[in-house]
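Some notes on the structure that comes next.
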Amino acid sequence: MRTILKIDDLHVYYGSIHAVKGISFEVGEGEIVSLIGANGAGKSTTLNTITGLLRARSGEIRFFGEPLAKLPAHRIVRKGLALVPEGRRIFQQMTVQENLDMGFYIQRGSSAEAMEQVFATFPRLKERRRQVAGTLSGGEQQMLAMGRALMSQPKLLMLDEPSMGLAPILVEEIFRIIGTLHDAGTTILLVEQNAQAALRMADRGYVLENGKIVTTGTGSELLSSPAIKRAYLGA
Numbered sequence: 001m002r003t004i005l006k007i008d009d010l011h012v013y014y015g016s017i018h019a020v021k022g023i024s025f026e027v028g029e030g031e032i033v034s035l036i037g038a039n040g041a042g043k044s045t046t047l048n049t050i051t052g053l054l055r056a057r058s059g060e061i062r063f064f065g066e067p068l069a070k071l072p073a074h075r076i077v078r079k080g081l082a083l084v085p086e087g088r089r090i091f092q093q094m095t096v097q098e099n100l101d102m103g104f105y106i107q108r109g110s111s112a113e114a115m116e117q118v119f120a121t122f123p124r125l126k127e128r129r130r131q132v133a134g135t136l137s138g139g140e141q142q143m144l145a146m147g148r149a150l151m152s153q154p155k156l157l158m159l160d161e162p163s164m165g166l167a168p169i170l171v172e173e174i175f176r177i178i179g180t181l182h183d184a185g186t187t188i189l190l191v192e193q194n195a196q197a198a199l200r201m202a203d204r205g206y207v208l209e210n211g212k213i214v215t216t217g218t219g220s221e222l223l224s225s226p227a228i229k230r231a232y233l234g235a
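For the sequence shown, the residue numbers in the numbering used here are 1 to 235.
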């Protein structure tokens with residue numbers, strides 16, 4: 001299995017606040033890798049730094065061996081990384097189809113094939129393709145955010161808290177879809193506070209505390225760890 005994303009000794013600051021403190025991890029092609037941890041642990045900061053929305057003070061980010069740290073965000077997207085951000089951040093006043101078209105902007109040619117693939121994954125979006133996105137339910141908006149990212153046909157899909165704010169039945173649906181995408185060959189980096197759901201489907205996981213990786217292992221190893229159970233699984 002080849003490594004497609006490699007993070008080495010990454011340090012990120014917000015002003016004088018040292019938010020990410022020398023973390024290193026990697027994602028292999030075809031894997032689901034989960035970053036778990038409490039609020040403020042540095043998970044979202046890590047994703048935003050990988051995608052160029054934040055700049056690292058030091059450290060390396062390599063995608064298929066190519067350094068990303070100094071590239072602007074739009075160039076990073078063109079390399080094949082797509083982020084579904086925390087809070088979804090869809091275009092509320094645009095229709096479902098217009099939102100999806102925005103995800104295709106870096107590609108050339110017709111978006112029809114990519115659109116049909118998204119609709120096959122999210123049939124509900126096809127039913128609502130002409131509906132204004134701001135009128136969708138929370139679960140549908142999350143599906144739209146994921147569909148918009150998939151329109152860029154990414155080599156790595158990064159998901160930041162995809163279950164946040166959703167009812168339990170919708171959380172199950174979102175994780176089922178993530179599993180379906182993985183089964184179809186999508187490589188996924190998943191940031192999630194729902195540690196049990198995230199680790200259950202993860203090939204590997206990393207636990208962040210106060211900007212540092214404190215534990216790593218396979219998903220099943222972390223699920224069975226007494227320390228992880230006490231800290232994150234309510235056991």
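Note that CB positions come from ideal geometry on N, CA and C, so glycine has one too.
Residue environment analysis places Asn194 among the buried positions, since at least 16 neighbouring C-beta atoms fall within 10 angstroms of its C-beta. Residue ranges of uninterrupted beta strand (DSSP E) with 3 or more members, entirely inside the segment 75-132 and ordered along the chain, are 81-84. For Lys43, the secondary structure class from DSSP, reduced to helix, strand or coil, is helix. Assigned with DSSP and collapsed to three states, Met151 falls in coil, not helix or strand. Spatial neighbours of Leu156 in its own chain (CB-CB distance under 8 Å, excluding positions within 5 residues in sequence) are listed in chain order as Ile4, Leu5, Val27, Phe63, Gly80, Leu81, Ala82, Thr187, Ile188 and Leu189.
Remark: C-beta atoms of Thr51 and Ala73 approach each other more closely than 7 Å.
Under the three-state reduction of DSSP output, Gly205 falls in the strand class. Rounded to whole angstroms, the Cβ separation of Gln142 and Ala114 is 19 Å, and the two are not in contact under 8 Å.
Taking one beta carbon from each stretch, the segment 31-44 and the segment 203-216 have 3 or more pairs nearer than 8 Å; the two touch. Distance from the CA of Glu192 to the CA of Thr180, rounded to the nearest whole angstrom, comes to 18 Å. Contact check for Phe175 against Ala197 passes: the beta carbons are separated by less than 7 Å. Between Arg75 and Leu53, the alpha-carbon positions lie close to 11 Å from each other. For the pair of segments examined, the segment 142-151 was found to touch the segment 114-134: the number of CB pairs separated by less than 8 Å reaches three. Annotation note: the segment 164-216 contains the following uninterrupted alpha helix (DSSP H) runs of length 4 or greater, listed N- to C-terminal: 168-183 and 195-201.
Put simply, the backbone Cα of Arg130 is about 11 Å away from that of Leu136. Between Glu31 and His182, the alpha-carbon positions lie close to 8 Å from each other. Nearest neighbour of Arg2 by Cα position, chosen from Val77, Thr95 and Gly65, turns out to be Gly65. Listed as beta-bridge partners of Met158 by DSSP are Leu83 and Leu189. A straight line joining the alpha-carbon of Tyr13 with that of Val20 spans about 7 Å. Comparing alpha-carbon positions, the option among Pro85, Ala69 and Gln93 lying closest to Lys43 turns out to be Pro85. Relative to the Cα of Pro162, the nearest Cα in the group Met151, Ala184 and Gly139 belongs to Gly139.
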